[in-house]
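Engineer: Below is a structure I'd like to ask you about.
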Amino acid sequence: MPWCPDGWLGYQGKCYYFSEAELSWNDSRTNCSVFGASLAAIDSEQQLAFMMRYKGISEHWIGLWKEQEGKQWKWVNGSDFDSP
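Residue numbers (full-length UniProt numbering): 1 to 84.
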């Protein structure tokens with residue numbers, strides 16, 4: 001289990017923070033970078049289940065984006081989004 005700062009949750013070697021601030025996707029991404037973090041890129045169904053379990057009733061941004069219409073979705077870590 002990773003060491004995570006107060007208020008963060010550890011799961012599979014990563015730390016997660018579920019913010020209650022209502023920000024745009026861009027502002028949320030910037031806010032994450034202030035903490036040396038990024039919006040979450042979901043790697044597995046288990047990770048998705050973890051996030052859904054702890055997110056509460058609020059909606060949260062994830063690190064999935066499309067640079068422009070017609071382009072492929074990408075995770076903020078640079079990997080392509082592969083939908084089943």
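Beta carbons are placed, not taken as given, at the ideal position from N, Cα and C, and that holds for glycine.
Does any residue of chain C have a CB that is nearer than 8 Å to the CB of Gln12?
Structural biologist: Considering every chain present, this structure includes no chain C. It has just one protein chain.
Engineer: Cutting at 8 Å between CB atoms, please list the residues of its own chain near Gln72, excluding the five before and the five after it.
Structural biologist: Excluding sequence neighbours, Gln72 sits near Lys66, Asp80, Phe81.
Engineer: Quick one: Cα of Gly56 to Cα of Tyr17, how far?
Structural biologist: Each residue's alpha carbon lies about 12 Å from the other.
Engineer: In whole angstroms, what is the alpha-carbon distance linking Ala41 and Trp3?
Structural biologist: Whole-angstrom Cα-Cα distance: 20 Å.
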